[in-house]
Each structure stands twice: as C-alpha cells, then as structure tokens.
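Chains as they are written, first to last, in my numbering: chain A, 2 to 313; chain B, 2 to 313; chain C, 2 to 313; chain D, 2 to 313; chain E, 2 to 313; chain F, 2 to 313. Working notes, structure below.
There are 6 protein chains.
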Amino acid sequence: MKHWNTLKPGESFVAFFLIRRVESKTTSGGKSYLDIVMGDAVGEITARLWDSKQEDALRFTNNILVKVKGSIVEWQGKKQVKIDKIREAADTDGVSIQDFVPTAPHSPQDMYAELLAYMSRIENDKLRETVALLIEEAGESLLIHPAALQNHHALRSGLLYHTVTMLKAGEKLAQVYSFLDTDLLFAGTILHDLAKLDEIKANEIGIATEYSCQGQLLGHLVQGILKIEKAARTVGLDEETTLLLEHMLLSHHYEPEFGSPKRPMFPEAEILHYLDIMDARMFDMQKALSETEKGCFTDKLWTLDNRRLYKR
Amino acid sequence: MKHWNTLKPGESFVAFFLIRRVESKTTSGGKSYLDIVMGDAVGEITARLWDSKQEDALRFTNNILVKVKGSIVEWQGKKQVKIDKIREAADTDGVSIQDFVPTAPHSPQDMYAELLAYMSRIENDKLRETVALLIEEAGESLLIHPAALQNHHALRSGLLYHTVTMLKAGEKLAQVYSFLDTDLLFAGTILHDLAKLDEIKANEIGIATEYSCQGQLLGHLVQGILKIEKAARTVGLDEETTLLLEHMLLSHHYEPEFGSPKRPMFPEAEILHYLDIMDARMFDMQKALSETEKGCFTDKLWTLDNRRLYKR
Amino acid sequence: MKHWNTLKPGESFVAFFLIRRVESKTTSGGKSYLDIVMGDAVGEITARLWDSKQEDALRFTNNILVKVKGSIVEWQGKKQVKIDKIREAADTDGVSIQDFVPTAPHSPQDMYAELLAYMSRIENDKLRETVALLIEEAGESLLIHPAALQNHHALRSGLLYHTVTMLKAGEKLAQVYSFLDTDLLFAGTILHDLAKLDEIKANEIGIATEYSCQGQLLGHLVQGILKIEKAARTVGLDEETTLLLEHMLLSHHYEPEFGSPKRPMFPEAEILHYLDIMDARMFDMQKALSETEKGCFTDKLWTLDNRRLYKR
Amino acid sequence: MKHWNTLKPGESFVAFFLIRRVESKTTSGGKSYLDIVMGDAVGEITARLWDSKQEDALRFTNNILVKVKGSIVEWQGKKQVKIDKIREAADTDGVSIQDFVPTAPHSPQDMYAELLAYMSRIENDKLRETVALLIEEAGESLLIHPAALQNHHALRSGLLYHTVTMLKAGEKLAQVYSFLDTDLLFAGTILHDLAKLDEIKANEIGIATEYSCQGQLLGHLVQGILKIEKAARTVGLDEETTLLLEHMLLSHHYEPEFGSPKRPMFPEAEILHYLDIMDARMFDMQKALSETEKGCFTDKLWTLDNRRLYKR
Amino acid sequence: MKHWNTLKPGESFVAFFLIRRVESKTTSGGKSYLDIVMGDAVGEITARLWDSKQEDALRFTNNILVKVKGSIVEWQGKKQVKIDKIREAADTDGVSIQDFVPTAPHSPQDMYAELLAYMSRIENDKLRETVALLIEEAGESLLIHPAALQNHHALRSGLLYHTVTMLKAGEKLAQVYSFLDTDLLFAGTILHDLAKLDEIKANEIGIATEYSCQGQLLGHLVQGILKIEKAARTVGLDEETTLLLEHMLLSHHYEPEFGSPKRPMFPEAEILHYLDIMDARMFDMQKALSETEKGCFTDKLWTLDNRRLYKR
Amino acid sequence: MKHWNTLKPGESFVAFFLIRRVESKTTSGGKSYLDIVMGDAVGEITARLWDSKQEDALRFTNNILVKVKGSIVEWQGKKQVKIDKIREAADTDGVSIQDFVPTAPHSPQDMYAELLAYMSRIENDKLRETVALLIEEAGESLLIHPAALQNHHALRSGLLYHTVTMLKAGEKLAQVYSFLDTDLLFAGTILHDLAKLDEIKANEIGIATEYSCQGQLLGHLVQGILKIEKAARTVGLDEETTLLLEHMLLSHHYEPEFGSPKRPMFPEAEILHYLDIMDARMFDMQKALSETEKGCFTDKLWTLDNRRLYKR
C-alpha cells in the first residue's frame, strides 16, 4: 500500500494520523467545518472535515490519534485531504501514538548510553558525580524531551539528540585543539541545555507544549545554574570548577540579546557556544534541504535570518 | 586656617591627604619624580614630588595617609601642588583614614537603621525572614561597601546610600501607584545590588579595588539569585515569591546589553528598574553640577552617554 | 439585569452599544453582512449583522450609538453577538454617548482642578503665567482629549489623567531628591504633552481619530516648543527659563529614535522623562494584568516590546 | 621669497602667522616653553618657543597675529619651527588678520549676491519675503560665519559657501527632476543651516569658538524652526507653506540619531537632505585628497566613518 | 469610450487586460472562483470570475493577455470588476502585450541612444571600449529589462530609464563639483546595475520574474565586478582604472547591510551612490504621490522606511 | 646562559634582537634618544639608546637585526633595557633573521605537505585542478605569509597554519555531520583566505607591512572570487561548482558588517565560517592565556570584544 504522502489528487486512502493543530471555522452559509493539520513521523498535511458538528470539535483536538478515510484534493497548488470518515484510534487498532511524532533518528536508549559513556570519561571525580547527580535527577524525561517548542530539534528526544551530537563534535575538536580540557567540555555540553526540562513543558509523547512559569521568568541558563549550584554543593565540588561550569551555562548563547549576560571567558566556554550553534544550524539546514529539490532554493527560513538555502 | 582647596598659586600650606594614585616618572635628565593624585573627603589635587628616591616610590603608594608641606603652583591653567615635605601620617597625628575618603552624606548607622525599618514593614513573614537572613549574612561590610568601582555611588557606604534612597523613592511611588505590592518592592530593592558585596572587592576603608573572580564570571545579578535561592530554601519561602524575587534581580538592568537576559514581567520589577536608574542618574547629575558654575555646561560625561549638563 | 459581559452562549439580551469599528463583508454566496466591534465603558465584543443591506452599512458607522437585541454565540472559543435587531439610539432613549467610551477613572473636573492646583504652586510668576496662558488656550478640549490613538492612555480624558498622575509622582520624587526645582518640574510636566491637542485629532466624545497634518510633519515635541515660545514672549518670561522649558519638551522622549534630538541636560528634564515612561508603563501593565487570571501570563504586548506579563 | 611651507630643515625665514592653539609646557629641567600651532590661509605648522617667560604665555594666545623669525627643524619625521624671535604684529606691518584664516574660495560678497539671486527667483511673494526677512536679520555675520566648529566647511564664510553650492546643485537637479518645486527647494536650502548663526559662536574673523547655550539645548534645527515661525507670522506666510518649510528644516538630517525626529515627507525635503550631505562629503573628500599624493591613501578620516580615501 | 479606470459602480465595459496575479479560491459552498489582479499600462484592478472551472484556472495565468466583458462593483469601499465574459486575446484582436505593461516614460530606443551618447564622451579609449563591450554583450535585453522585482523602477525598460536619468543628474552635478572625473562617473553609472540582467530574470515583455541562481549566491555587485574584470582584460584596460571601476560597483550600495562590503573611497564612487539613491527615491516618491490627493498623506510606504508622504 | 627574558633589574647581557618599531625622541634638554621595541621569537621588550646620533636613527630601523649589550632596568613597574652598545648583526655573527620572527609552531614545509594532501583528496578532478592551479600560482609566498597585520595568526607562515588547522577541524566535523561534501569543504577552506597574499603586503621574512591598494579597494573576499573565476575558466570547472566556491568565499565572514554581502546558503559554506572563527578565537585565546598566570584574568582583549579571559 502506498503511503498517503505519495498519492495524487483523486486517489483515496485509509490511514492513521496524529492531530497536530485544529481550528474550527465556519462557511459563509453558516456551516461549521474543521481545518486540521495532521501527520505522522514522515510528514504532515492539511485536511478538512466539512459539516462538522459541535462534538467533532470537542473530540478531535491536538495530539489525538485518529483513523481517517479520505481522498487527496488539490487546493491552490497544494495537496489537501478531504475527510470522508474520521474516528479516534482504538486500542484494538494496534497503533501507538509515539510512532506518529517526529523523532530523533537514533534510539533514545542508544543515545542515553552514549551520553553516559562521555560522562564516565570525566576524570575529576567530583565533577563527574555532579553531572551524574543531575542526569539522575532528570530521570526518564531526558529520554523523550524535545529541545524546543518550534525551533531546531523540536523532535521527540530532540534534547538528547542535540546533546549527544555536540559531545561527538566536541570530542573531535578537542583532538585538533588539544589544549581544551575535556572534563569541562563534556560536563558543560551535557548540562548546557538540561534545564530545558524545566523551562519547556512537554507531554508524555515528547511534544513541547508551552514554557513553564519559571522558564519564562528566569530562562534555562539561569535555571541550569541554580541546578548546578545545588548539585555541586551536595557532591562537594570545588568552588572554581563549579564557577567555571556555571559560567559555561551563562555564556553559551554568546550575545546579550540571545540571553547571555556574559560572553565566554575561557576556551571551553567559547567552543561550547560554537558546538551549540553549529549543531542547530546543521539540523535546520539538513531538514530544510531534505524537503527541497536539487538546483532549487528553499523558501525564506526565519530560523536562519530569512536566508534561502541552495540545494546542490 | 583656610582649606587647601581655596588657596591661590604661591600660597603654602600643611595638610593631611590620602594618596589615591601614584605614578613614578623620570625627567629627560634622568631624575625620578612622583606624580601623585591625593585628596580628602572634599576633593582631590595633583602633586609632584621632585627628585624622588626609590624608597619614596615604595612608601607612598595608593591609600596611604600622608602629611604634606607644599605650595600651590599653576600648571597649564590648573592648580597643582609642589611638595616640599611629605611623610606618612603617624598614630600620634590623630587623623583617621576614613575622614579622607569620599563618603555618603549620611551616617552608615542611620542608613542601616532606615533599611531595617523598611525591611520590618514587609508583611509576608517568610519573605521578611529571607531578606533578614541575607542582610545578616552581609554583616558589617554593608555599612561601608561602595556601589561601584568608578560609576555612580563609588563612595564609602555608597551601596547602602543607593539602596536606602531607592527605598524612600519606592515608598513614595507606591503611594501614587497604589496597586504596587510593597512587600515585593521593599524586598527587591533591598536585595537588588546586595551581591555587589561579592562582585566587587573593597578595602576596609570603603574603596572598591577590583572585581572578584566570581563577579567577572557571573555578575551580581546571577550572584544575587544564587544567594536568594539558598536563603529562601533555608527559610522556607514559597516558590512563587522566591521566583518573583529572583526575576526582579535578573531583570533590573532592563536591557540585555546591560546584563538582564529578561525584561521585567510585572509592575514591581518594572518600577525597581526605574528606581535604580533614576537614583544613579540623580547622583551623577548632582555630583557633576556641584562642580560646575551657574550658566555653564559640564564637560562631556561618559556615564551619561557623553552628555554635557547645564547648570541653572 | 445582568450585564451582557457576563452572559453565556445561548442567552439573549437588549442593550446599548457604541460602534467602534465596522467592516462590510460578503459571504461566498454573495450576501452582505456587517462585522461590528461595539462596546461600552466596560468592554467590547464582536457582533455580526447577517444579510445586511446597503443602508445598514451607511447608517451603522464608527461612533454611532445603537440599541441592539441579540444573543451570545460561541465562535472559535470566543463569545460573539448574533444581532437580531439593531437601530440607532434616539434622544428618547435617555442614553448619552459619553457613557460608552473608555474613560479615565477620575472626573475630568476633579483632575483639572488638581492640575490647576499644581500650577498655582509655581512660584516664578512669569513661568506660572506662561503655563496658565497655555492651559487657558487649550480650553475645554483638555478635559476630554485622549493621550494617544492606540497606545497608553487612549481614553477619554487620558491626556489629563496622564498629566495629573505624573504631577503627583513628580511631587513625591521631589521630596526625595530635594534639589529638584518644582517650578520647572511642574511646568514641564503640565506642558510636556499639551501639544497632543494639536497633534492628534479627537472627536467630541474623546476618541482619537487621526494625526493632524502638522502633527505628522512636526510632532508634538516641536509643536509644543512653538506654543511655549509664543506664550513666553506674550507673557514676558525670561529667556533662560523659556529655553529650559523648551529643552524639557524636546528631550522628554529621551532617545533619538523615539523623537528626541537632544537628551535631557539637567535633572528636572531627566526626571520628566522617567515620570512619563513610568506612568505609561504602569498604565499599560495594570490594564493588561486586569484582563488576566492569577498565575498566568498575558499575551505578548507590543507596547512593552512583546513582553508577556505575569499576574501574581 | 619662498613660502615657509616649501622650506627644508635647516632653512630660515621670517613670516607672519595666526596663532591657532598654544600650550604652555615645561621641560623636566623645570624650564617653560610654548608649543604653538600657527598658520596662515595656506596651511599650519607646529612651532616651539624655548625658554618662554610668563609674559610670553600671556601675550601669545589663540587668534593673535605674530611675526616670527625661525628655522625649520625635523622632529620625528615631521617639519617643525624653532622660533628665534616672535612678536605681535603691529598696525604698521600692514598685514590683516583675515588673510590668515582658512577661507571659502569665493568672495563672500559674490556668494552673498548669488544667494540673493536665488532668493529673488522664489515666485511665492510671501515665501520670498519670509526668506528675505530672515536673511536681513542675519545681517553681516552671514558673510563670514563658518558652518561648523571642526567638521565640513569650518572656514570663514563656510556657511555661505556651503549654502550657495547647495543652491547651485539643487538648481541643476531640479532640471532633471522637473516636478520639484524650486520655491520650496531654494527657500529650504537658504534657511536649512541659517540658525547655525545662533547655534555656533564665531569670532569676528570667522572662526567658530563654541556652541551657544541655546545651541546646546535645542540645536539649529529647532532654532531654525522658531525663527521661521516668527518670520512667517510677521510676513503673513500661509500656514501650509510655513509648515512645509519647517518640516524641511526638521528632517534635513534625515536620521533620528543625527538629530531629525522626522524623516523627509515630500520630494523637496528629501532632496534637501541629499544636497546637504553631498556637499559636505565633496568638501571633506576634496580637502583630504588635496593633501595626499597620487596613488596613495589618506589617513583614516573620522568625518567619513574612518574611511581612508584613494587619490587617483 | 471611457477608460475602465474612470467608470463608476454599475457601469459595464469591454476591454483588454494583462493578468498580473491569479489566485484560485473556493466559496464555503464549495464553488471555485478566480481572484484576478489585471491591468494595463495605466493601472490595475481586482476582478472576480465566479463559478470558475478547472480549465479557467489553467488558462488564465500570469502574464496572459485577455479580453474581458464586465461591470464595476463596489467592494468594501474599493472598485472591483465582476467578470461576465473572459477569453484569451487572439492575434486577430490586434492588441500587443507590451502595451499592457507598466513602462518607462521614454522610448527605449531614445534612452539607449542617450546612454550611447554619454558613453561616447568617455575620453579614455580603453575605458570607453570596456564599457562598449559590456553594453554590446548585454544586447537587446537592456532595452526592456526592469530594474527590480518589485522595488523602484520595476518597469519595462526600468533599468535603462534608471541608468539614463542618473547619467543626466551626474552630468549636472559634475558641473557644480568640477573636480569630478566624468570618465569614471559615466562609466561607473552605465555599469553600476548592468549585472541586474544576470541577477534578475525577466520575461520577454519586461517583467521581472525571479532571481537567478547566480544572483542569489553572489548578487549584482559581485556579478558586475566579474563582468568588468573579464571585459577589461579583453580590452586591455589598465589595472588602476579597472580597479577603480570595480570599487565603484562594490561600494555603490554604501552600507554593508545593503550589500557593499566597502564604502566609497573616492569622490566619483561617493557621488555614484547618491545618484543611485536619489533616483530611486524620486521615482518612488513621484509614483506614490501621483496616486494621492492634494493635502493628504499616502499610506505607509515600506520602500521608504514606512514613511507616509505629504502631497502638496 | 640565561635568556634575557628571565633576567632581573641590574643584570647585564649580550644578545641579538630584531627591531620591531623605533621612535626617535628628544629630552627636554634637547638630547636625542631612540625608543626601541625589539624582540626575538620568544618575546619582546622596550629598550632605550640614550644620546643617540642622527646616523643611529638612520641605521637602526624596523626589521633590522642587531647585537645589543645592555642591562635590565625597571621603569614604572616594567622591565626595560638600557642599551650600552648596539650594532647591526654581521654575516659573520651566524644569526639568521627568520629566527627572530614570531612563527607558526610547525615547519612551513610540513604544513604545506599537509595542505597538498588534503587537496589531493578532492575527488572532482576539475575542482582539484582549479585549487592546484591557484596554489601553484601562489608559489613560495604561501610558505611564509602571515594571515594578518595585527590580528589572529599575525605570524610568519600564519596563513598556512590557519588554513591547515581549519582543514583538520573540518575533516573531523565532516565525520560527525556526514552529509557535508568534503570536496567543497576542503577546496573552500584552502582558498578562503588565499587572496590575503594579494590583500596584505608582507616582507621576505613573513611580517605583514600594509594593505595593498587592491586589498583596500576590494578586500580579500572579492579578490579571491576574481582569482577563482579566472582559474576555473582556465581549468574548465563547471559553472555550478565555480559558483558554489565563489559563494563560500563571499559568505565566509558571515555578517555584512564584517564584509560578507551574502550569508552562507548551504551547509559547507556555513561550516567554513565556523571553522574560520573558531580557529581565530582558539589562537587568540591560547596566546592571551599563555601570557597570564593561573587564577588570573587577562587584560581586556580588543580582538575578543574587550573580554577579559580567565586562566584556569
């Protein structure tokens, strides 16, 4: 059976979808319809349920898994779904919601193991224990938390994926710039965005839903520093190392207007910033280009200062 | 006896001074001399000790109290002192170094009592106890600490003076904008710069000497938040109030480029910023104008974006 | 009878409204309807008049007082009015248009009296007479003029309310910063926005409608200076005081990009700016928070650089 | 006799100079000397009077015309004058101070006549009379006033030179952009900097000395508007034309950060700005290049954003 | 017969139009209609074809010339066309597509001749030959190419019109600033935007359609430099002149954020920038004002930093 | 024998130095002396030659190798050399100038071989040949050219060192971000600064002396593009690859204000920028920290936005 993504106008299908956003609208004739954005792990599409009833609007809401019978229609040059039948997925359907969420390309368990491996290479015992304590406190949610509401790495397990890729790149650069202290580099990388667990609320399937109250008022840089301070005091980490680690968090956004009141003041803090920004940029570029044809430009991308990218 | 500040070229005097800055220079003939900036609580003047010896340079250093016999000479349109005799002040001279440092215009004890009075008006018990704990920890140094290395309120007791004046102005504004919560306003004001005790090192006579290591790497906003977090946990202050107080500290510089990653998100945080900046500006303006003649402009003042002020 | 603001979907009512904005739209079936925003002093709501005729569009225009029979419906999560009957209010209805406009919380007569009281405390006779002449020329319109088209204090009597609140706050701050000259402070505050009477056109019920031609080409800072210059010459105010007053107007927006080619050059001009900005911010914050629930954040507020505020 | 400007180290000369700046210095041996910058209409040079006496410092001050006997010496790669004899010029010397000031390349009388000719071509009688009244009030000082303290056209008659050159260029451009109204263009150009007469104080030989008090507090844009307002009222110029003229003054610096709170809102105002900036740039560039050798770059020029210019 | 532009609601007409933009929309009843923006050389208007069929959407696309029978209706205060009949124009209709495109006000042949005349006045043979070679390579497309996708001079022959007007203004200014080298000025002006032929794709009727790949990746400044380098090498132009010409291209946008990595470093490069910006501004202003009534303001114009213009 | 760098005041030595900068000064007594900054590959120090003669100033100029007999003195807290004897180094001294210039830490031959090895891994034949042609044209000067006048990598062989380190880091990152095209990455890295050979003049010992004329007027980004265009045409490289390579050069400074009119539009261009900036920052940080004591801060570093760095 062909995936709905490859069908042409006129073709019909039956498939499961996760509802991402719904809006209840009305025609000028006064009839209600639902404008639904729905998708699976591969992509997403707009669908319309005409002549919807009030209970439809109540039932088909964000993050609900549904079974849809529909057909592809063309609307202003884009494919769209005209829904013929729709119902909530049932346990007996044998589908699982997490298969319908955009997800990091590696298993969270594997990535978690990689992170622990980097952590175990921190030689300063107290520093390693501080990191370990914080990772332990983070618990299960680290396995699925996304890294953002809608920017780079807004994927299930996006935070872990982002962190582990940075650890790999940091390890490589430390081979070239051999004066870098890998203890600080690994610890700082592992912890740099960990407080996003507290800054951004996510649901149990790894979709970010909103900023927390503390996240809005303090932000994950300061939240992370508060976590480090507490863990370091519990473990007994020396003051200088604690301070350097806190500075790495505080400075990793680099520019005041992006949230860092201090710029990096030693090489490991400097490199942490570049690891972070490069990984975000590579993710965004790869994603945008994967949806573009060879020899063409993408649309303007606001995450990249409205640049348009060229696909070789 | 006339104060040296009022003497004319040609007149002689004997007086005590605190040495503020010294530079050892040499004439083209190869002779050494000391270029000294020295002063008392009223003002400062440049002096020259010609034909100085190596031991002079070692003895007459920053923050040393000296007795000088000299005369006023004119040098490129400015008055200067030609030193005839100079020696370190002795215990028997009956002078005390703190009388020679620019100092807040009120007694530190009185200001401290005022601060405690405002503190006692905080109605939320846990909040008041949190503030009290931090004030207690600050100890004696709050009595003399300056508020800056060289900006506004770089005076002995400058930090206390700045804080108490802001409390008075805040109390007044809360009478006009009666929806303001004075608990938060008083607590936030008392604590807003308290971590300058940790950010800026000062000597025992209330002169700031340099930034501390932690001060450079984190800054007094984040340092203050760490202090509040710890004290609030000790006292058992509720999470919301702790968070609001921490946000007030984080946002009181208002602009990212002045160190606040978050702008104020409720009225008391907003007003705290204006109390701070108004008090700094009033201090700087009053000082600059006090040294200017009626109907004239001051020099360009870098603390005021290079404005020149007009003296009515 | 319950106010329409508290009714639930399905409930009907009869009430008077002031029409704020109307748009004539058409359904895809080609039928016309009116999309009306209407309100009273308490709030506003969107309403729809289906199957409207051409004369409806001509009759029901901005700032018309109407009597509406309708019912509450829910539209995309918001309450809306479905209009059953609508007619213009008649003299016999005994309603008065000014009761339907958002209005400052104090009576204009009381605020005017307060303003005159502050004016009478200006000790320099010529300065007081200059201010008095300008207030006299302003005439009745000062009683109802709003302070803006859509920013802070866009209320009937908003200009007066803003000015009087600033006078109160200025009086308070002058008690703390006692070197401030209250003559200049009171005169500058009374006059700082007076030329908004010329910059912004308002109708007879105190709603700003558009910028005047002179307002667009010069702006109320320069317009105000032209007024002061003329009044000062008529009264015979000395040149220095005239100049200081003109500078206060010119500099009160502080930053070039907000319209001030000169920054404040003496303390009274400096404080005038802070009185102005604080009062605007307190107004905007109080208004936004009054419409928000405890423990939540407001939407992004563009008058506050897109900040979201937290409601304690 | 060769001009001193062309002499080589070792050669002697006798010549008259205008003293531009003097500083009294002292050698380490305690001997006084004067460090003098002196020049004539062609150029300027540094000179030293060794072993100077107190009366020398009092006599040889800024803007004094002197007769000097001296020789050229080389000092750190630059030519300098060693003064052998110096005295104040006497009436019997037959030299006139204005021959020693950098001066516009055309006679002020000729330029003044050109300005009047452009003025006479303004067809709107009231507008022409308004301009004429202001030119009349300006009086003699317009003939010699410089356009700046130290920027472009800091020459005797610099203001007139700048204005007349702009009139010529404006006339030319109006031939290409024929929809431009030359009445407004000529009037606006003649008046655009006229208030520099009030903003900048100059001495009787056409050298700017300092900003006036009103100049500092208001600036020549607002000062010019006040002048126009008064003259227009005297003459009875219609309100629209007065307003357009005032707007041209207010907007001619174009950017808020350069002093214009409003950007140009009609073509004549827009072109006025470009006439102004082009004339300033052409003046500065021509001057800098005239002092540079072919194929080389000038030093960094701060009036041109630190650009270095290339001399063809 | 009256032009459709002057008809009132209710009046009918038959006329030819060029379709500029089309959008296929659907009513809530599910019926399709086309929303068409169509125009001729004089102006443009929105039209609706109700009950459109799929083949209509395929046939009536951008840049198609059509014959329309319709009537004027009023829609939300604006005139609109209700289409009764529409068909593609046929050869037998005797209309030519180029009469329906906004076009420069002078004949391209005349303007081309003017450009060649300016070119022939370049005295340096090699420089003239370099320019001639590039103009020759440009070929026919220079006659019709627009200067932009949607900014100033987005007209058929807009590039030529812009260039020739700048040449005229440059010639005039060189009469006032006689030290300017007209060889460089004419050559630089002729070539400054020539690479827009490569940067912007245009169709055969002179409407810009999109940026080329090379245009996006390099931009017309660098593209122009590559063209000059090649032509100069072919002709044998000396290195210094080649370099100066290349610098003029590189610097003519003046500010880094507008694409110039270097600011102008000699007077001809400086003036080239002002010729360019003045011509763009005069074009935009004249166009916006031509559509505005006397005594009123235009809407905010984004090409002019959101200024509103005043029409005298 | 101890290196002069480790001697204390009072100790004497004989050593060779390269003169870096000389200034001829005079004492107030009228006696000349030379103020010399001299150094070797390890460091530099200020020295004074008292009672210098005119021929001394002519003989001891920049980049002259000298033999000095002197002693260490202390001057305002810093060590300085008092020169007793000084003469130019002779052939018979057996010292070689290149041993006295700060130099990259690897042999130029080794680094050159590494660069060629990376080049040989470019798989696209035409691309590799284009790079090879440009490297061949660069010739010997690539072995010693510095990368800057006074910023990062202002060392002999600095350009080569910078390029090779970036190649290594780029190779590593391409292992993590495996979608990167190493052909483009290696080619772009090798060529990104190659035109500094033309932008910056350096002498035969690898010290940058000044910007070239073309360097000032175009800059190494545009200069590099001109070189690539020519080489690509010679070799017959396809247009798309040429264009991508040119874009990489044009965009590698990233921000318009740092000279890039276009931001990177594909991942290899993006990464090239980060390789460049990271290598510059690591170099500057390592250098600054190598001269600082543990636990202290460096001075403010202007190459790092005036940050002070912390030495662990």
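Ideal placement from N, C-alpha and C gives every residue a C-beta, glycine not left out.
By alpha-carbon positions, which one of the options ends up nearest to residue i?
i: Ile-98(A); options: Lys-127(A), Arg-129(A) and Arg-21(A); result: Arg-21(A)
i: Ala-196(C); options: Arg-282(C), Gly-225(C), Asn-204(C) and Glu-230(C); result: Gly-225(C)
i: Lys-169(C); options: Lys-32(C), Met-120(C) and Ile-84(C); result: Met-120(C)
i: Thr-210(C); options: Ala-188(C), Ala-149(C) and Glu-240(C); result: Ala-149(C)
i: Asp-74(E); options: Ile-145(C), Lys-79(C) and Gln-55(C); result: The sequence shown places Val at residue 74(E), rather than the Asp named in the question. Of Ile-145(C), Lys-79(C) and Gln-55(C), the residue nearest in Cα terms is Gln-55(C).
i: Arg-282(B); options: Lys-79(B), Asn-152(B) and Val-223(B); result: Asn-152(B)
Is the Cβ of residue i closer than 9 angstroms to any Cβ of chain B?
i: Leu-218(D); result: yes
I need the DSSP call for residue i, collapsed to helix, strand or coil.
i: Glu-83(A); result: The question names Glu, but residue 83(A) is Lys in the sequence shown. DSSP places Lys-83(A) in strand when its eight states are reduced to three.
i: Thr-104(E); result: strand
i: Thr-47(F); result: strand
i: Glu-24(A); result: strand
i: Ser-252(D); result: helix
i: Val-38(E); result: strand
i: Lys-301(C); result: coil
i: Arg-60(F); result: helix
i: Glu-75(C); result: strand
Using DSSP bridges, identify the partner residues of residue i.
i: Arg-313(E); result: Answer by DSSP bridge pairing: none, since Arg-313(E) is not bridged.
i: Lys-70(C); result: Val-15(C) and Lys-86(C)
i: Ser-291(C); result: Per DSSP, none; premise fails for Ser-291(C).
i: Lys-202(D); result: Glu-211(D)
If you measure from the beta carbon of residue i to each beta carbon in chain F, is any gap under 9 angstroms?
i: Ile-272(E); result: no
i: Pro-257(E); result: yes
i: Glu-211(E); result: no
Looking at the C-beta of residue i, does it have a partner C-beta in chain A at a distance below 9 angstroms?
i: Glu-115(F); result: no
Straight-line CA distance for residue i to residue j?
i: Asp-41(C); j: Trp-303(C); result: 24 angstroms
i: Gly-237(A); j: Met-266(C); result: 53 angstroms
i: Leu-50(D); j: Lys-83(D); result: 7 angstroms
i: Gly-207(F); j: Ala-155(F); result: 9 angstroms
i: Glu-172(F); j: Asp-111(F); result: 18 angstroms
i: Asp-36(D); j: Phe-180(E); result: 37 angstroms
i: Glu-200(A); j: Thr-131(B); result: 25 angstroms
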